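I have placed the structure first, in the form of structure tokens, so that the comments after it can refer back to it.
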Amino acid sequence: MDVLQSLDRNNLPRHIAIVMDGNGRWAKERGQDRVYGHHEGVISVRDIVNASAELGIEYLTLYAFSTENWKRPKTEVDALMELLVNTIRKEAEELKKNNVRLHVIGDFKSLPEICQRELDEAKSMTAMNTGLNLVLALSYSSRWEIVEAVKNIAVDISERKINPVQIDDKLFNSYLNTAAFPDPELMIRTSGEHRISNFLMYQLAYAELYFTNVHWPAFRRQNLYEALLNYQQRERRFGKTSEQIQTNDPHHV
Ligand code: IPE
Ligand code: IPE
Ligand code: MG
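So that you can map any letter, position 202 of the sequence shown is 202 in the numbering used here, and since no number is skipped, the others follow by simple counting.
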């Protein structure tokens, strides 16, 4: 049966987060340079963005470059930054047309200026869009984000803008890069690694995790539909009992 047809449109995640992994291995398997894999990965990005928009997903966060990825060979980092600039330049019009709004999380100032400029332009070009929110995690890591949040909270306490007793989940969340977005209900990681790699550690507290051996350049909309179907077969309990969830009765014992 067609996977898309069997999806329950009333039980889709609002927010999907993806660790796009395996570009290098995909290329190596084909006797190509790692950078070739990154280029092919862009085609998957386009397909998954369009498929998510068509499904009515509200937020899609793509882990494109981690804080730790700066430690890769300079030639690969340079190629990735160049690919980023060219892709944003090429795709911005398309995003605008498709009602996709672009956001960026991560240490924006650490990106090359040309990247910052292209991203700023694409963000403002799409700022009025009301469809899919596409969030690119660039020079992002969860520990960096959490430490930044703590620093900013400390500053606001020292300036008496907030009081330590006010600190709770909600206030802490408002200091994260993702303050404006709901937590992802589904996290997908491609290419067979079963780890988080410093991605949205706070926000993924109750996310359903889905791992596939498919490398990112081979991950296309059919693979996304399969992940969504798998997500829909799970029971999300949030610490409660299965009976409570099934009867929708918070006091069920
Ligand atoms: C993901 O693919 C892309 C980035 C991290 C930028 P990789 O480049 O990590 O590919 P593998 O995991 O080495 O195969
Ligand atoms: C995670 O992939 C980061 C991105 C997909 C951008 P990595 O390939 O960098 O992760 P590790 O090093 O295998 O954990
Ligand atoms: Mg990798």
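Just so it is clear, CB atoms sit at the ideal spot from N, CA and C, and this is done for glycine as well.
Since we're looking at a predicted model, the values are computed, not measured.
In its chain, beyond the 5 residues on either side, ALA92, LYS96 have a beta carbon closer than 6 Å to the beta carbon of MET125. In the structure shown, the three-state DSSP call for ASN163 is coil.
Taking a 10 Å sphere around the C-beta of ASP21, we find 16 or more other C-beta atoms and assign the residue as buried. Residue burial annotation: VAL165 is exposed, with fewer than 16 other C-beta atoms found within 10 angstroms of its C-beta. At a cut-off of 7 Å, the beta-carbon of TRP216 counts as near ligand 1: some heavy atom of the ligand is closer than that.
Taking 7 Å as the cut-off, one finds at least one heavy atom of ligand 1 near enough to the beta carbon of SER191. Classified as exposed, THR247 has fewer than 16 neighbouring CB atoms from the shown chains inside 10 Å of its CB.
For ASP21, the shortest C-beta to heavy atom distance toward ligand 3 is below 7 Å.
Put simply, the backbone Cα of THR67 is about 30 Å away from that of LYS161. The Cβ atoms of GLU145 and ASN173 do not sit closer than 8 Å to each other. The closest CA to that of SER6, considering only GLU235, HIS251, ALA227, is found on ALA227. Short note on GLY239: C-beta not closer than 7 Å to any heavy atom of ligand 3. Just so you know, the alpha carbons of LYS28 and PHE181 end up roughly 36 Å apart.
Taking a C-beta distance under 8 Å as the contact criterion, ASP47 and ARG220 qualify as a contact pair.
In the structure shown, SER158 adopts helical secondary structure according to DSSP, grouped into three states.
For SER139, the enclosing beta strand (DSSP E) has its first and last residue at 133-140.
Remark: the C-beta of GLU68 is in contact range of ligand 2, defined as less than 7 Å to any heavy atom.
In this structure, the beta-carbon distance from VAL42 to LEU12 does not fall below 8 Å. CA-CA distance, LEU224 to ILE157, rounds to 43 Å. Cβ contact annotation for LYS123 (same chain, cutoff 6 Å, sequence separation greater than five): LEU102, in chain order. ARG25: member of the alpha helix (DSSP H) spanning 23-29, first to last residue. Within a 10 Å sphere around the beta-carbon of GLN203 sit 16 or more other beta-carbons, which makes this residue buried. DSSP, reduced to helix, strand and coil, places TYR36 within a helical segment of the structure shown.
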